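K.L.:
Dropping the structure in here first, questions after.
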Amino acid sequence: MIESIPMVLAYQTALDPGFKWFPALTVILMMVIFLGVGWFFRVAEVDDLWVAGRSIGPLENGMAIGANWMSAASYLGVAALIATLGYYGLAYVVGWTAGYFILLIFMASQFRRFGKYTAPDFIGDRFYSSKARGLAAATTLIIAFVYAIGQGSGMGLMAQYILGISYEAGVILFMGVTIGYVALSGMLGATKNMTVQYVILILAFMVGLYAVGWTQGWSTFFPYLEIGPQMAELIDEVDRHFAEPFANGSFYLWCALAVSLILGTCGLPHVLVRFYTVDNERTARWSTVWGLLFICLLYWGTAAYAVFGGLLYTNPVQDTDTAVTLGEAATFMSMPGADADALVALTAQLADLPDWLVGIVASGAVAAALATTAGLFISASSAAAHDIYTNLYKADATQREQLNVGRGTILAIGIVVTIVALNPPALIGELVAMSFAIAACVFFPVFFLGLWWENATREGALAGMITGMVISVGAILNTTLPRYIDALDGHALWPGLAQVLPPTSSALIGVPLVFAVIIVVSRFTDDPPQEVKRIVRQCHSPQPEVRAEPTEES
Amino acid sequence: MADEDVDYLEREVNIFRPSTPFMRDNLRMMFILFGLWILFVFGPVIASYFAPEAMTETRVLGGFPLNFFLTAMVAPGAALVLAGVYARYRDHLDRVYGVSHDSPEDQR
């Protein structure tokens, strides 16, 4: 991103500017549907705001998992990363799909069994410590913040095409709508909405892919598997680095990134909360499988978009100048960041598809960003209201007070995200990957050991979470801070560290270290109380749950 | 109903020392599938590291380099299939151990 700033002066973006009626109406209609569904299933009780009354089936919850999961980073970011980084970009595809298997086998049922509302709730109860719970809540807020920056960035790029307004105005407008929407509807609306959002986003993504394939004569029924000849053309005639395994990132970096994203999947609070919205463990398991299928449907297509986009960026059908045709970039792989992040919509536009069709593809990206941001903001608001305000500050807070704190948090975090997204420090996919690295280093070890080793103690968990926070946030600051304060020509504070611990991939080293810290500290501190051990054993028992206490009354 | 007399609340939970037959059955399947998952997810990149020529020069399905195809298409698909296999196996285990998914109140 930083390197592309001088270029921005000469060359803005290949996206067609100007207000377009049909795409604008599509986005407005989409927002009306979301708000309508949200209003129809609006929040009445504080319990409903967070867990939707546990009345959702596996297929519906699977779609919600898909919509919640697939943000602008999946919809726009992954194709961008494959197009610009080639084989290295595929670490994002693997990392953001395969992790659901680990989540399923090691954690889904046990988490559902534990029966707590949120990640901080789980950590607070499992590690019998309100400090640990507060720390988990703070981490949830940080993750939501970093994750949402990328979403704001994606919304701004799509607004440029749809509404013809500036990137900055687009970020502000769409983030405003998101904040209003989440604060009004809450999760009961959101779960129903996420099903609708999934359908909209997957259809929009597919329509673009199929239409480009048909009009260019590249594919007919199954573009995922039909793009072989186009891929060969792209590699043999345009840029052979596209498939070269380690042209853009070493073997170590590839593995570190994939592992970070996989373990991050298992540590993200807004992903885990989807297991509490179902009746039982079996539904939790099958909705994970369905969710992964729905996620794969999009991820298999990202490579096809990168290939189509790469060819069209080199030889546009439409009479548009791209960085390649203008000679600003050597090949599509060095296109500027703003074009890369808009590549999914740009591919449809460069294939000379009609405005309304490109508009649908762009609206899908907005739906993806909106659905995920909603999920993130709900996690953040519940962390602030439930786990920080009520837990640490005012134990007798009324429902109304909690709702107000939750809504205030959404507003505050929304404003800060908007400000940072106006000048994003990295590509969409990279920003989101950073929040995965935090989730992997801070949450995954305490979740995993919390469920699978009854002797993990409070002190171990606290020490581990602090270690994970230092490693993951340190790695991020090491590279992004100099860019913000404009020092060191934008190079990392400690370049050697950035090679070993990249901001998006700190978990390959971070997670084993945190595991070691938790295990060693737990060995030297007193065992957890007997009640806590019994709760952990309950999670691994095939017998019906015996609830010692009903889920927290607030 | 196997092993009705196991008191699950008195058995230690440690992933490397399964203390109940239920955990043993479950963990055995988990580790088998986990091994297959590693093979499918990290196999292609490891193969690309040791045999870059063979992995990129071999073309499948009309032009996909083998490394690209295995990583972008097969790895996510394998994770999906393995997830389905595990979910089915757990349903089977639930039947063997008589797990009911009704709420506890309906049980009694």
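First to last, the protein sequences are chains A and B.
Mapped onto the numbering used here, the consecutive letters of the first sequence carry residue numbers 1111 to 1664.
Mapped onto the numbering used here, the consecutive letters of the second sequence carry residue numbers 74 to 181.
Note that CB positions come from ideal geometry on N, CA and C, so glycine has one too.
Here the structure is a predicted model, which means the values were calculated and not measured.
1. Buried or exposed: where does Gln-1509 (chain A) fall if 16 or more other Cβ atoms within 10 Å of its Cβ makes it buried?
2. Go ahead and pull the three-state DSSP assignment for Arg-161 (chain B).
3. Find out if the Cβ-Cβ distance for the pair Val-1204 (chain A), Thr-129 (chain B) is shorter than 8 Å.
4. With distances taken from CA atoms, which of A:Leu-1135, A:Ile-1272, A:Ala-1566 is nearest Phe-1625 (chain A)?
5. State yes or no: is the beta carbon of His-1380 (chain A) nearer than 8 Å to at least one beta carbon in chain B?
6. Is Thr-131 (chain B) close to chain A? Criterion is C-beta to C-beta, closer than 8 Å.
7. Using the beta-carbon of each residue, which ones in chain A are nearer than 7 Å to Gly-157 (chain B)?
8. Chain A beta carbons: is any one of them nearer than 8 Å to that of Glu-126 (chain B)?
9. Which residues mark the beginning and the end of the alpha helix (DSSP H) in which Gly-1401 (chain A) is found?
10. Output needed for Ala-1481 (chain A): all residues of its chain with C-beta closer than 6 Å, excluding positions within five of it in sequence on either side, in chain order.
11. What span of residues does the alpha helix (DSSP H) with Gly-1262 (chain A) cover, start to end?
12. I'd like to check one pair, Thr-1375 (chain A) with Leu-1195 (chain A): are the Cβ atoms closer than 8 Å?
13. Scan the region 1341-1368 of chain A for residues whose Cβ lies nearer than 8 Å to a Cβ of chain B and list them as they occur along the chain.
14. Counting only Cβ-Cβ distances shorter than 7 Å, please list the residues of the region 74-99 of chain B near chain A, keeping chain order.
15. Please report the residue range of the alpha helix (DSSP H) in which Pro-1339 (chain A) lies.
16. Could you give the first and the last residue of the continuous alpha helix (DSSP H) run that contains Trp-1562 (chain A)?
17. Where does Val-172 (chain B) fall in DSSP's three states?
18. Can you check whether the C-beta of Leu-1335 (chain A) is within less than 8 Å of a C-beta belonging to chain B?
19. Starting from His-174 (chain B), find everything on chain A with Cβ-Cβ shorter than 8 Å and list it in chain order.
20. Anything in the region 1270-1288 of chain A with a Cβ closer than 8 Å to a Cβ of chain B? List those residues in chain order, please.
21. Going along the chain, which unbroken runs of the alpha helix (DSSP H) with 4 or more residues stay wholly within the region 1182-1207 of chain A?
22. Might you give, ordered along the chain, the residues of its own chain that have their beta carbon closer than 6 Å to the beta carbon of Ala-1439 (chain A), omitting 5 neighbours on each side?
23. Should Gly-108 (chain B) be flagged as near chain A, meaning a C-beta pair shorter than 8 Å?
24. Taking Cβ positions only, does Val-147 (chain B) come closer than 8 Å to chain A?
25. Consult DSSP for Val-1434 (chain A) and reduce its assignment to one of helix, strand or coil.
26. Considering only the alpha carbon of each residue, which of A:Ser-1239, A:Ala-1413, A:Leu-1403, A:Thr-1519 lies closest to Gly-1338 (chain A)?
27. Can you name the residues that DSSP bridges to Ile-1166 (chain A)?
28. Between Gly-116 (chain B) and chain A, is the shortest Cβ-Cβ distance under 8 Å, so that the two count as touching?
29. What residues in its chain sit with their C-beta under 7 Å from that of Ser-1545 (chain A), if we drop five residues either side in the sequence?
30. Within 10 angstroms of its Cβ, does Trp-1604 (chain A) collect 16 or more other Cβ (buried), or is it exposed?
31. Which residues, taken in chain order from the region 1212-1227 of chain A, show a beta carbon closer than 8 Å to some beta carbon of chain B?
32. Distance, Cα to Cα, Gly-1290 (chain A) vs Ala-1182 (chain A)?
33. Going by Cα to Cα distance, which pick from B:Gly-116, B:Thr-131, B:Ser-121 is closest to Pro-1355 (chain A)?
P.N.:
In short, the structure shows the following:
1. Taking the first residue of the first sequence as 1, we reach residue 1509 (chain A) at position 399. By the 10 Å Cβ count, Gln-1509 (chain A) comes out exposed.
2. As a first step, residue 161 (chain B) is located in the second sequence; it is residue number 88 there, counting from the start. Helix.
3. As a first step, residue 1204 (chain A) must be located in the first sequence, where it is residue number 94. As a first step, residue 129 (chain B) must be located in the second sequence, where it is residue number 56. In this structure, Thr-129 (chain B) does not lie closer than 8 Å to Val-1204 (chain A) by Cβ.
4. Locating residue 1625 (chain A) in the first sequence gives position 515, counting from the first residue. Taking only the C-alpha atoms, the option nearest Phe-1625 (chain A) is A:Ala-1566.
5. Sequence index remark: in the first sequence, residue 1380 (chain A) carries index 270 (1-based). Cβ-Cβ to chain B under 8 Å: no for His-1380 (chain A).
6. Against the second sequence, residue 131 (chain B) aligns to sequence position 58. It does not; no Cβ of chain A falls within 8 Å.
7. As a working mapping, residue 157 (chain B) is identified with position 84 in the second sequence. Result: Val-1399.
8. Taking the first residue of the second sequence as position 1, residue 126 (chain B) is located at position 53. Output row for Glu-126 (chain B): interface = no.
9. By 1-based counting over the first sequence, the position of residue 1401 (chain A) is 291. That run of the alpha helix (DSSP H) goes 1391-1424.
10. Along the first sequence, one-based indexing puts residue 1481 (chain A) at 371. Counting only Cβ-Cβ distances below 6 Å, and skipping sequence neighbours, we find Ala-1177, Met-1304, Gln-1307.
11. Counting from one through the first sequence, the residue named residue 1262 (chain A) turns up at place 152. DSSP places Gly-1262 (chain A) in the uninterrupted alpha helix (DSSP H) bounded by 1240-1273.
12. Counting from 1 along the first sequence, the entry for residue 1195 (chain A) is found at position 85. Counting from 1 along the first sequence, the entry for residue 1375 (chain A) is found at position 265. It is not a contact, given that the beta carbons lie outside the stated cut-off.
13. Met-1341, Ala-1342, Glu-1343, Ile-1345, Ala-1353, Glu-1354, Pro-1355, Phe-1356, Phe-1361, Trp-1364, Cys-1365, Ala-1368
14. Tyr-81, Leu-82, Arg-84, Glu-85, Val-86, Asn-87, Ile-88, Phe-95, Met-96
15. For the purposes of this step, residue 1339 (chain A) is identified with residue 229 of the first sequence, where counting begins at 1. 1338-1343 is the extent of the alpha helix (DSSP H) around Pro-1339 (chain A).
16. The sequence position of residue 1562 (chain A) within the first sequence is 452, counting from 1. Note, Trp-1562 (chain A): alpha helix (DSSP H), 1554-1562.
17. Translated into positions along the second sequence, residue 172 (chain B) becomes position 99. Reduced to three states, the DSSP call for Val-172 (chain B) is coil.
18. Taking the first residue of the first sequence as 1, we reach residue 1335 (chain A) at position 225. At least one beta carbon of chain B lies nearer than 8 Å to the beta carbon of Leu-1335 (chain A).
19. Within the second sequence, residue 174 (chain B) is the residue found at index 101, counting from 1. Ordered by position in chain A, the residues that pass the 8 Å Cβ test against His-174 (chain B) are Asp-1389, Asn-1390, Glu-1391, Arg-1392, Thr-1393.
20. Listed by position along the chain: nothing, the set is empty.
21. 1188-1195
22. Working through the first sequence from its first residue, we reach residue 1439 (chain A) at position 329. Cβ neighbours of Ala-1439 (chain A) beyond the five flanking positions: Ala-1433, Met-1445.
23. Position 35 of the second sequence, counted from the first residue, corresponds to residue 108 (chain B). No, Gly-108 (chain B) does not count as interfacial toward chain A.
24. Within the second sequence, residue 147 (chain B) is the residue found at index 74, counting from 1. Val-147 (chain B) is outside the set of residues whose beta carbon lies under 8 Å from a beta carbon in chain A.
25. Walking along the first sequence from the start, residue 1434 (chain A) turns up at place 324. It is coil, neither helix nor strand.
26. Numbered from its first residue, the first sequence carries residue 1338 (chain A) at position 228. Nearest to Gly-1338 (chain A) by alpha-carbon distance, out of A:Ser-1239, A:Ala-1413, A:Leu-1403, A:Thr-1519, is A:Ala-1413.
27. Working through the first sequence from its first residue, we reach residue 1166 (chain A) at position 56. Paired residue(s): A:Val-1388.
28. For the purposes of this step, residue 116 (chain B) is identified with residue 43 of the second sequence, where counting begins at 1. Chain A, which has no Cβ nearer than 8 Å to the Cβ of Gly-116 (chain B), makes this no.
29. As a position in the first sequence, residue 1545 (chain A) is number 435, starting the count at 1. Answer for Ser-1545 (chain A): Ile-1253, Val-1256, Tyr-1257, listed in chain order.
30. To locate residue 1604 (chain A), count along the first sequence from 1; it is residue 494. Exposed, since its Cβ has fewer than 16 Cβ neighbours within 10 Å.
31. Ile-1212, Leu-1214, Ile-1215, Phe-1216, Ser-1219
32. Counting from one through the first sequence, the residue named residue 1290 (chain A) turns up at place 180. Counting from one through the first sequence, the residue named residue 1182 (chain A) turns up at place 72. So the two alpha carbons sit approximately 19 Å from each other.
33. Position 245 of the first sequence, counted from the start, is the residue given in the question as residue 1355 (chain A). When each option's Cα is compared against that of Pro-1355 (chain A), the closest is B:Ser-121.
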